[in-house]
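Worksheet: one structure, shown below.
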Amino acid sequence: MDFSRFVIDGIDLETTLLAESEDQARELGLSLMKSLGFKDVDVVFVEHNGFAARIRLRAYVYRPGDKYQWFEGEDLR
1 MDFSRFVIDG
11 IDLETTLLAE
21 SEDQARELGL
31 SLMKSLGFKD
41 VDVVFVEHNG
51 FAARIRLRAY
61 VYRPGDKYQW
71 FEGEDLR
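Read in the numbering used here, the sequence shown has 51 at position 51, and its numbers run on one by one without any break.
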């Protein structure tokens, strides 16, 4: 099933990654989202605590001004 038809704007993922620095956590997080098939990804938040980093990532399915599939009147069932 193509779940992008049901997403209004984006998908957020928050996790803790084993990382030596915030920069490494950013790289790992972006790679993770790309490996899940997302192309348009931002790091929303990252906080390193010594051996790991808490990170929140946002994958955009639609950006403002995009042609929203959910708005086009398609039957989403």
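Ideal Cβ placement from N, Cα and C applies to all residues, glycine included.
Asked	Found
In chain order, what residues of the same chain lie with their CB nearer than 6 Å to the CB of tyrosine 68, ignoring the 5 residues before and after it?	Tyr62
Assuming alanine 53 and alanine 25 form a contact by the criterion Cβ under 8 Å, report the distance between their Cβ atoms to the nearest whole angstrom.	3 Å
Decide yes or no for the touch test of the stretch 43-53 against the stretch 3-11: beta carbon pairs closer than 8 Å, at least 3 of them.	no
Which residues does DSSP list as the beta-bridge partners of glutamate 14?	Arg56
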